[in-house]
Amino acid sequence: MPDPKIQEPDDIILKVTATAICGSDLHLYRGKIPNTEEGDIFGHEFMGIVEDTGANVTAVNKGDRVVIPFVIACGSCFFCSLNLHSACETTNTGRGAILNKKQIPPGAALFGFSHLYGGIPGGQAEYVRVPKANIGPFKIPEGLDDEKVLFLSDILPTGYQAVVNAGVTTGSTLVIYGAGPVGLMAAACARLLGATQIFMVDHHQYRLDFAAKTYGVIPVNFDEVDDPAEAIIEHTAGHRGVDAVIDAVGFEAKGSKIETVLTNLKMEGSSGAALRQCIAAVRRGGIISVPGVYAGFIHGFLFGDIFEKGLAIRTGQTHVQAHLPNLIEHILRGELHPDIIISHRLSLEEAADGYRIFDKKEDDCRKVILRP
């Protein structure tokens, strides 16, 4: 691909020093996201050195070391003024993924994703054009290795927002569905905010073992336990369920054979397997927090159970820019160690191997980072 160039006066060109493969990249890799086109550059977790700046860039200078939020926000629209950066009304030239859209503008553009979200070239590259550079790039203090801060681009603030949305405080009980990178970051942040009992559900035993050792979660392997929610409820006070649940799986959750057929026939947009488990496991008056990506309609949503239990549901893309100042302080104080989940370090030229390893869960893969 040709090197990117400054297109707008508030652009920068970034020389990438580290990038990563995210679970959301696997949705693209598997062909599950519409409007992904040949020649698109993937990657929304990346950081590097500012190589060039547009005439109107004042927030960063050439030579600055920065991490880039995966959400592209203008900083001045209605939603940005509310610190809801992923809802930015001005940066996405695509239509977004809402089916019943009406006249509502799409949410923010995202790096390295489908043209539904602007088709902005991503960071699995040597150089990247970063638009809205007075709002996005976040300067990194000296002395912090790339690996310690790279995940500020997505999975750390995504896990943190999921935990905040779940209302986790000192003494909270919690279930996290999915032991992938976001689930692991959610476990780390839940411990940080005082959760005392954390269950984690997955079917890759090596990921569960890592989470148990690193974050003290109670592992539940759904290949061995027919109904994880029922098993979890048995270990909660009064068999009430947990205070909150986090769905860090999303629309590719392993569902029933019927759901698989419906999805393949495009009669269903997402598997509802993980959400049904969340609805079942949480106590009355509890919270379901969903950082996992969903699209379209879902079979067997059980909204009646949500109403009968009086549940709250909080979802959405991460407002990365709002969380970075707080999270960098936790890293500097040694309270968060996001780099601990890295299992594979590859060159950018080995990216195809990295995708295969991550997709197939080969070699006990938890997280792949790439260096140009």
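The numbering of the sequence shown is the numbering used here, which starts it at -5 and goes up by one.
Just so it is clear, CB atoms sit at the ideal spot from N, CA and C, and this is done for glycine as well.
About 6 Å separates the Cβ atoms of I325 and K142, confirming a contact at the 8 Å cut-off. With 16 or more other CB atoms across the displayed protein chains lying within 10 angstroms of its CB, R185 is buried.
Of A160, T164 and I129, the smallest CA-CA separation from I62 is found for I129. By DSSP's assignment, F40 forms a beta bridge with T13 and I62. By the neighbour-count definition (other C-beta atoms within 10 Å, threshold 16), E39 is a buried residue.
Rounded to the nearest angstrom, the gap between the Cα atoms of V122 and G101 is 22 Å. The C-alpha of A306 lies about 43 Å from the C-alpha of N50.
Excluding the 5 residues flanking it on each side, L296 has same chain C-beta neighbours closer than 7 Å at R270 and I273, in chain order. The segment 173 to 190 makes contact with the segment 141 to 161, as at least three CB pairs between them are under 8 Å. Judged by beta-carbon spacing, R360 lies beyond the 8 Å limit of L342, meaning their Cβ atoms are not closer than that value. Spanning the alpha carbons of V239 and G177 requires a straight line of approximately 11 Å. F145 carries a helical assignment under DSSP once its states are collapsed to helix, strand and coil.
The Cβ neighbour count for T85, taken over all protein chains shown within 10 Å, is at least 16; the residue is labelled buried. Listed in chain order, the non-local C-beta contacts of D4 below 8 Å within the same chain comprise G48, N50, V51, P125, K126, A127 and N128, local neighbours out to five positions each way being set aside. Per DSSP, D217 is not a residue of any alpha helix (DSSP H), being assigned neither H nor E.
In this structure, the CA atom of D357 is about 31 Å from the CA atom of I43.
Within its own chain, the residues whose Cβ lies closer than 7 Å to the Cβ of A91, once the five positions on either side in sequence are excluded, are L110 and A289, listed in chain order. At the C-beta level, S108 and N29 come within 8 Å of one another.
Residue environment analysis places A231 among the exposed positions, since fewer than 16 neighbouring C-beta atoms fall within 10 angstroms of its C-beta. Around the beta carbon of I98, fewer than 16 other beta carbons sit within 10 angstroms, so the residue counts as exposed. Just so you know, the alpha carbons of A160 and G57 end up roughly 39 Å apart. Boundaries for Y111: no beta strand (DSSP E) harbours it, and the DSSP string shows neither H nor E there. Between I66 and I114, the C-beta gap is smaller than 8 Å, which places the two residues in contact. Comparing alpha-carbon positions, the option among T208, R327 and T190 lying closest to M179 turns out to be T208. Annotation for G279: the continuous beta strand (DSSP E) segment containing it runs V276 to V284. Runs of the beta strand (DSSP E) lying entirely within the segment 48 to 104 and spanning at least 3 residues, in chain order: 59 to 62. Distance from Q199 to N215 at the Cβ level is roughly 6 Å; contact confirmed, criterion being Cβ atoms closer than 8 Å. Collapsing the DSSP output to three states places E45 in a strand. Annotated three-state conformation of D203 is helix, per DSSP. Among the bridge pairs identified by DSSP, D196 is matched with N215. C-alpha of T13 to C-alpha of S337: approximately 14 Å in a straight line. Under the three-state reduction of DSSP output, D241 falls in the strand class. Secondary-structure assignment with DSSP links Q191 through a beta bridge to T167.
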